[in-house]
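Going down the list, the sequences are from chains A and B. Just so you know, the working numbering puts 45 at position 59 of the first sequence, and the rest follows in order with no gaps. Just so you know, the working numbering puts 218 at position 217 of the second sequence, and the rest follows in order with no gaps.
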Amino acid sequence: MSAIVKPLIVFLGLMCLWQAAVSVFEIAPFILPGPIAVIEVAIARADTIAEHAGTTLVEILLGLAFGTLLGSASALMMAYFRQARSWLLPVLVVSQAIPVFALAPVLVLWFGYGIAPKVAMATLIIYFPVTAAFYDGLRRTEPGWIDLAQTMGASKAAILRQIRIPAALPAFASGLRVAAAVAPIGAVVGEWVGSSAGLGYYMLLMNGRVQTAAMFAALFILAIMAVAIYFAIDATLRRLVAWQPEADPATFS
Amino acid sequence: MNDANLLSASPYAPGLSVRNARLGWNGLELLSGLSFDAPARAWTCLLGESGVGKSTLLRTLAGLIEPLDGVDIWAKGATNTSNSVAYMAQQDLLLPWLTAADNVALGARLRGETPDSAKISDILERTGMTDRADARPRELSGGERQRIALARTLMENRPIVLMDEPFSALDAITRAQLQQLAFELLGARTVVMVTHDPFEALRLGSKIHVVRKGDNSGAVPFSPAGTALRDPTDPSLRGSYHAIMAALDTPKTPENQGNAAA
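This is how it looks when you write it as structure tokens:
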């Protein structure tokens, strides 16, 4: 219970501070609207914001799905085929070395103003953390398990499927958590560069019209969405690797 | 205990022969000139201090690594050893995401076979782990985990069992219990056990080979009097104990003589 109550208290406290600061210092609403004004706008324009949020949500989830699929496939290929390692590793590093922000205009040029370039952007931004974490996990299998499996006459594929992949799941989960946290960045950056829908687009539009409260409302919804996605994924992963002892290295033997 | 069915399941348990083994790691020679016989259906203990290459030897016997050269390992009556050995390591090597029963069935699962559930429950009963069949490894004590590892080894039903200090991480009482259990359950098999504990070797081994760093040619096996499972504190074994300790201490190569002086 306190896991929900404590952050809620912190959150409400910050809101009160924010409102107090706006009221006391009489900050102009177009510079920084108070939380009450933001909530009022959010309610008044709930339909519009929900529509844009839906677009952004689809972009984030599709990006997460594609990025996770691509990343897992790359990690598995690198772990299973020695040849694939030397081919894929540079791609992996380059995918992270080129900032997606620099790629955004090109992606929009290629894929148009629809959701495709945003999905591509989110995919690109999470490809590296997923691949790197999963590959790392696959490489660090307890050597004794592999020895044992070999004396049992297990094939390389069986060892990968039944030992190395389950053993790498905790590492994979870490990668996916990072991915869940950064995927919204990819989607929103894509929307900033060129789009006709989505929370990023709506924020830019409201910014141009000096409707700062509406901008904050969109930002607010984006943050709630990102946090919800993170916790949904985190909860799923926790159930998946429930066998792993948590934060207690002493129980490893 | 009705053990006719399980323990005679391997109709032939070959002995094991190693001739002139030269073993190493990453091209560095650890030991050479090692020859020994492990008689069929008996426990052979390989005794030596840490770092002499006992584990390397065992992994070579299991077919996991290639010997440097000149080594001739064969199971008497069989062409190679790799299909006839089961391997039990110092760590229990239980997969943490599988239940105890699923860990016992690991070999069949890995080979894509359907695990024989009747045999699993039989073996769990023999190892005294029936109640814990559905527990995950992290819920088990060290002794229980090693019991499951033993059950997993039995499930493989190989004529030769290679053990790498399987009981060294356990407390004295649990260790004694597991030694006895393993001795009873693996009775009909050829067991080669690596250990650094002379008492364990004296308790279990029909034959004891002292493995030394460097050249092992001319090493003589010890065959303590009486049938294993002995009481290692029995005064009649004192002679064997002193002989083993003397063999562990000599001869020294120039480099580890320096270590001993330091």
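Backbone N, C-alpha and C define an ideal beta-carbon position, used for all residues, glycine too.
Check your understanding: Of all the beta strand (DSSP E) runs that stay within the bounds of the region 22 to 48 of chain B, which reach a length of 3 or more residues?
Key -> Fully enclosed beta strand (DSSP E) runs of 3 or longer: 29 to 39 and 44 to 48.
**Study point:** Cβ separation of B/A43 and B/S207, assumed to be a contact under 8 angstroms, to the nearest whole Å
**Key:** Stepping through the second sequence from its first residue, residue 43 of chain B is reached at position 42. Stepping through the second sequence from its first residue, residue 207 of chain B is reached at position 206. With 8 angstroms as the limit, B/A43 and B/S207 qualify as a contact, their Cβ atoms being about 4 angstroms apart.
Review point. DSSP on B/T128, reduced to helix/strand/coil?
Key: Sequence index remark: in the second sequence, residue 128 of chain B carries index 127 (1-based). Collapsing the DSSP output to three states places B/T128 in coil.
Review point. Buried or exposed: which applies to B/D172, given that a residue is buried once 16 or more other Cβ atoms fall within 10 Å of its Cβ?
Key: For the purposes of this step, residue 172 of chain B is taken as the residue at position 171 of the second sequence. By the Cβ-count criterion, B/D172 is exposed, with fewer than 16 other Cβ atoms from all chains shown falling within 10 Å of its own Cβ.
Exercise for review: Please confirm if A/G123 has its CB atom under 8 angstroms from at least one CB of chain B.
Suggested key: Translated into positions along the first sequence, residue 123 of chain A becomes position 137. Closer than 8 angstroms: no.
Review point. What is the residue span of the beta strand (DSSP E) that B/A87 lies within?
Key: Your numbering for residue 87 of chain B matches position 86 in the second sequence. It spans V86 to M89 - the beta strand (DSSP E) in which B/A87 sits, taken as one unbroken run.
Check your understanding: Comparing the C-beta of A/A140 with each C-beta of chain B, is any distance below 8 angstroms?
Key -> Here residue 140 of chain A corresponds to residue number 154 of the first sequence, with the count starting at 1. Yes, contact with chain B.
Check your understanding: Among the residues of its own chain, which have a CB less than 6 angstroms from the CB of B/T131, if the five just before and after it don't count?
Key -> As a working note, residue 131 of chain B is residue 130 in the second sequence. Annotation for B/T131: L125 place their beta carbon closer than 6 angstroms to its own, counting only its chain and skipping 5 residues before and after.
**Study point:** Boundaries of the alpha helix (DSSP H) in which B/T175 is found, first to last residue
**Key:** Counting from one through the second sequence, the residue named residue 175 of chain B turns up at place 174. Bounds of the alpha helix (DSSP H) holding B/T175 are A173 to L186.
Review point. Taking a cut of 7 angstroms between CB atoms, which residues from the region 113 to 137 of chain A lie near chain B?
Key: Interface annotation for the region 113 to 137 of chain A against chain B: G130, W131, D133, L134, A135, Q136 and T137, criterion Cβ-Cβ distance under 7 angstroms.
Practice item. Would you mind stating whether A/G172 and A/M107 have Cβ atoms separated by less than 8 angstroms? Key: Stepping through the first sequence from its first residue, residue 172 of chain A is reached at position 186. Stepping through the first sequence from its first residue, residue 107 of chain A is reached at position 121. It is a contact, given that the beta carbons lie within the stated cut-off.
Check your understanding: How would you list, in chain order, the residues of chain A whose beta-carbon sits under 7 angstroms from the beta-carbon of B/V86?
Key -> Indexing the second sequence from 1 puts residue 86 of chain B at position 85. Contact of B/V86 with chain A by beta-carbon distance below 7 angstroms involves T137.
Review point. What does B/A90 touch in chain A if you count any residue whose Cβ is under 8 angstroms from its own?
Key: Along the second sequence, one-based indexing puts residue 90 of chain B at 89. Correct list: G130, D133 and L134.
Practice item. Determine, using beta carbons only, whether B/W26 comes closer than 8 angstroms to chain A. Key: The residue labelled residue 26 of chain B in the question sits at position 25 within the second sequence. Chain A, which has no Cβ nearer than 8 angstroms to the Cβ of B/W26, makes this no.
Exercise for review: Enumerate, from N- to C-terminal direction, the unbroken alpha helix (DSSP H) stretches of 4 or more residues contained entirely within the region 206 to 236 of chain B.
Suggested key: Qualifying alpha helix (DSSP H) stretches: none in this window.
Point to revise | Nearest neighbour of A/R71, chosen from A/Y99, A/R225 and A/A118 [CA to CA] | key: Within the first sequence, numbered from 1, the residue matching residue 71 of chain A stands at position 85. Nearest C-alpha to A/R71: A/A118.
Review point. Anyone know if the C-beta pair for B/G144 and B/L179 falls short of 8 angstroms?
Key: On the second sequence, position 143 is the one that residue 144 of chain B refers to. On the second sequence, position 178 is the one that residue 179 of chain B refers to. Yes, the pair counts as a contact, with Cβ atoms nearer than the cut-off.
Check your understanding: Just reading off the alpha helix (DSSP H) that A/I219 is part of, what are its end residues?
Key -> By 1-based counting over the first sequence, the position of residue 219 of chain A is 233. Where A/I219 is concerned, the enclosing alpha helix (DSSP H) starts and stops at T198 to L226.
Exercise for review: Using 10 angstroms around the beta-carbon of B/D250, count the other beta-carbons present and answer buried if the total reaches 16, otherwise exposed.
Suggested key: Residue 250 of chain B sits at position 249 when you count from the first residue of the second sequence. Exposed, because fewer than 16 other Cβ atoms sit within 10 Å of the Cβ of B/D250.
Check your understanding: Of the choices A/F114, A/R31, A/A23 and A/L43, whose alpha-carbon is the least far from that of A/A59?
Key -> Within the first sequence, residue 59 of chain A is the residue found at index 73, counting from 1. For the residues A/F114, A/R31, A/A23 and A/L43, the minimum Cα distance to A/A59 belongs to A/F114.
Point to revise | For B/V195: DSSP bridge partner residues | key: Position 194 of the second sequence, counting from 1, holds the residue named residue 195 of chain B. B/V195 pairs with B/L47 and B/D165.
Practice item. Grab me the residues of B/P222's own chain with a C-beta within less than 6 angstroms of its C-beta, minus the 5 sequence neighbours each way, in chain order. Key: Counted from its first residue, the second sequence places residue 222 of chain B at position 221. Closer than 6 angstroms at the Cβ level, and outside the excluded window around B/P222, lie K208 and H210.
Practice item. Kindly list, in the order they appear in chain A, the residues whose Cβ is closer than 7 angstroms to that of B/E126. Key: Within the second sequence, the letter at position 125 stands for residue 126 of chain B. The contacting residues do not exist; B/E126 stays about 22 angstroms from chain A at best.
Point to revise | Under 7 angstroms by beta carbon: chain A residues contacting B/G52 | key: Residue mapping note: residue 52 of chain B aligns to position 51 of the second sequence, counting from 1. None at all; the shortest Cβ gap to chain A is about 18 angstroms.
Review point. At which residues does the alpha helix (DSSP H) containing B/S56 begin and terminate?
Key: The count along the second sequence starts at 1 and reaches residue 56 of chain B at position 55. Residues K55 to L62.
Review point. Hey, quick one: how far does the alpha helix (DSSP H) through A/W4 stretch, first residue to last?
Key: Taking the first sequence and counting its residues from 1, the one referred to as residue 4 of chain A is at position 18. Boundaries of the alpha helix (DSSP H) harbouring A/W4: S(-12) to F11, taken from the DSSP string.
Exercise for review: Give the residues from the region 199 to 219 of chain A that approach chain B closer than 7 angstroms (Cβ to any Cβ), ordered along the chain.
Suggested key: In summary, no residue of the region 199 to 219 of chain A has a CB separated from any CB of chain B by less than 7 angstroms.
Review point. Between the Cα of A/T137 and the Cα atoms of B/Y88, B/D135 and B/L187, which residue gives the shortest distance?
Key: Start at 1 with the first residue of the first sequence, and residue 137 of chain A comes out as number 151. The residue from B/Y88, B/D135 and B/L187 with its alpha-carbon nearest to that of A/T137 is B/Y88.
Exercise for review: Closer than 8 angstroms, Cβ to Cβ, to anything on chain B: give me those residues from the region 45 to 72 of chain A, in chain order.
Suggested key: So the list is empty, because no residue satisfies the distance condition.
Exercise for review: Measure the alpha-carbon distance for A/V8 versus A/I35 and round it to whole angstroms.
Suggested key: The sequence position of residue 8 of chain A within the first sequence is 22, counting from 1. The sequence position of residue 35 of chain A within the first sequence is 49, counting from 1. Distance between the alpha carbons of A/V8 and A/I35: 24 angstroms.
Review point. So is B/S33 buried or exposed if we call it buried at 16+ other beta carbons inside 10 Å?
Key: Here residue 33 of chain B refers to the residue found at position 32 of the second sequence. With 16 or more other Cβ atoms within 10 Å, it is buried.
Practice item. Could you tell me whether any Cβ in chain B is nearer than 8 angstroms to the Cβ of A/R224? Key: Residue mapping note: residue 224 of chain A aligns to position 238 of the first sequence, counting from 1. No, A/R224 does not count as interfacial toward chain B.
Check your understanding: Just by C-beta distance, which residues in the region 100 to 120 of chain B are closer than 9 angstroms to chain A?
Key -> Hits within the stretch, in order: L107, G108, A109, R110, L111, R112 and G113.
Check your understanding: Looking at the C-beta of B/A220, does it have a partner C-beta in chain A at a distance below 8 angstroms?
Key -> Here residue 220 of chain B refers to the residue found at position 219 of the second sequence. B/A220 has a beta carbon lying at 8 angstroms or more from every beta carbon in chain A.
Practice item. Give the interface partners of B/A134 over in chain A, defined as CB-CB distance under 7 angstroms, in chain order. Key: On the second sequence, position 133 is the one that residue 134 of chain B refers to. What B/A134 touches in chain A: nothing, since even the nearest Cβ is about 16 angstroms away.
Review point. Does DSSP put B/N3 in a helix, a strand or coil?
Key: Numbered from its first residue, the second sequence carries residue 3 of chain B at position 2. Since pLDDT at B/N3 reaches only 36, below the 50 mark, its modelled position is unreliable, and no value is offered.
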